[in-house]
Structures are given as structure tokens and as C-alpha cells.
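With our numbering applied, the sequence shown corresponds to residues 3 to 148, in that order.
Reading through the C-alpha cells given below for one structure.
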Amino acid sequence: KKMKESNFWKQIKSNLPTNCFATRIENRHGGGIPDTHIVWDGLSFWLELKTTKNNTINISPAQIAWNTAYSLRGGLCFILVRPSKESSILLFGGHDARDLAHSGLDLDPLFRASSYQELFNFIRDSFGSGSGSGFSGRVGSDKELA
């Protein structure tokens, strides 16, 4: 059974690293703005949350346009996918939105995480200033994905 995106958000929220400020965007009118904005010790990024029970990722043309334009201008945004058939979560770059909409889960993710701690550590270490130096916050918990 496909997990609701609201439940996916609740899991993410309860596992955010300390020193994180997260804002959930409830935008039902389009525009393509991602679901969540996060600032973590100076590292600012957007997450578009997607759940799926098959290979297809439902990304609207507005979401493709927003993620592509934001990425091309140097902004940091991701599409985080929770497939119901896997115990992992898949992180894709926002610049891959069009390919992800077209190829679905056949597209190789930037990162495949088995826990939220692993996911946030990857984001911090890969995209934080100085490859993670200067971050004092620890990741919320060692809980495996439910």
C-alpha cells in the first residue's frame, strides 16, 4: 500500500537533525514549489516528497520547471522518494526532475538511504560548506525506516 505524503513528512519531521528549522509548504494551487524547506546549521535546501507503489513518480510540469530552474541557478533542492516496496528512501537531485518523471525508479538516485540519519548525513557531508565541517548538530535518531 502506498504511504501518504503527509505520513512520509511526519516520519521525516520526527527524525530531523538537531539545529534544523523545517517549514512544510501546503501549496495546493501549483507553482511547483517543493513541499519542505529546511535550514540546518546554515545549509539551506528544499525537499519535494514523493511516495509511490510502483516505478512511476508523479511529478507535475510545474514541479519539473521549478526544480530545474532553481538547480540551474545554484539552488539546492532534492526529490525524496519513498517506494512502498522498498525499505529505503531514494534521494534525487532537483535537476533530475524531468528524467525522474520520465524514467521513474529506473533512474539512479544520488543516494539510497536505509535510515533518516544516513540520509541527512549524506546531505550534510556532500553539500554542506567544507564537506560537513562546522556542523555541530547530530542527526535525530538511529531509527531504521518503518
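The beta-carbon is built from N, C-alpha and C at its ideal position, and this holds for glycine as well.
The structure presented is a predicted model; accordingly, all values stated were derived computationally and were not measured.
Would you decide whether THR20 is buried or exposed? Buried here means 16 or more other CB atoms lie within 10 Å of its CB.
The residue labelled residue 20 in the question sits at position 18 within the sequence shown. It is exposed - the Cβ of THR20 has fewer than 16 other Cβ atoms within 10 Å.
Below 8 Å CB to CB, which residues in the same chain sit around GLU7 once its five sequence neighbours on both sides are set aside?
Taking the sequence shown and counting its residues from 1, the one referred to as residue 7 is at position 5. So the list reads ASP37, LEU51, LYS52, THR53, once near-sequence residues are dropped.
For the putative contact between HIS97 and SER73, defined by C-beta atoms under 8 Å, what is the C-beta separation to the nearest angstrom?
Here residue 97 refers to the residue found at position 95 of the sequence shown. Here residue 73 refers to the residue found at position 71 of the sequence shown. Indeed, because the Cβ distance is near 4 Å, the residues count as touching under 8 Å.
Which stretch, first to last residue, makes up the beta strand (DSSP E) that contains ILE81?
Position 79 of the sequence shown, counting from 1, holds the residue named residue 81. Taken as a continuous stretch (DSSP letters only), the beta strand (DSSP E) holding ILE81 covers 79-85.
Counting only C-beta atoms, is PHE113 closer than 8 Å to chain D at any point?
No chain D is present in this structure, which holds just one protein chain.
Skipping 5 residues on each side, what residues in its chain have a beta carbon closer than 6 Å to that of ASN69?
One-based indexing of the sequence shown puts residue 69 at position 67. Around ASN69: CYS79, GLY96, ALA99.
How long is the line joining the alpha carbons of VAL141 and LEU45, rounded to whole angstroms?
Here residue 141 refers to the residue found at position 139 when the sequence shown is read from its first residue. Here residue 45 refers to the residue found at position 43 when the sequence shown is read from its first residue. Residue confidence for VAL141 is low, a pLDDT of 42 falling below 50, so the modelled location carries little weight and cannot support an answer.
Out of GLY33, ARG75, ASP43, which has the shortest C-alpha to C-alpha gap to GLN65?
One-based indexing of the sequence shown puts residue 65 at position 63. Taking only the C-alpha atoms, the option nearest GLN65 is GLY33.
Kindly list the residues whose CB is nearer than 6 Å to the CB of SER118, restricted to its own chain and excluding five residues on each side of it in sequence; keep chain order.
For the purposes of this step, residue 118 is taken as residue 116 along the sequence shown, with counting starting at 1. Here residue 118 turns out to be Tyr, not Ser, going by the sequence shown. Contacts found: ASN17.
Mapping DSSP to helix, strand and coil, what is VAL141?
Within the sequence shown, the letter at position 139 stands for residue 141. For VAL141, the predicted model reports a pLDDT of 42, less than 50, meaning its position is unreliable and no value from the coordinates is stated.
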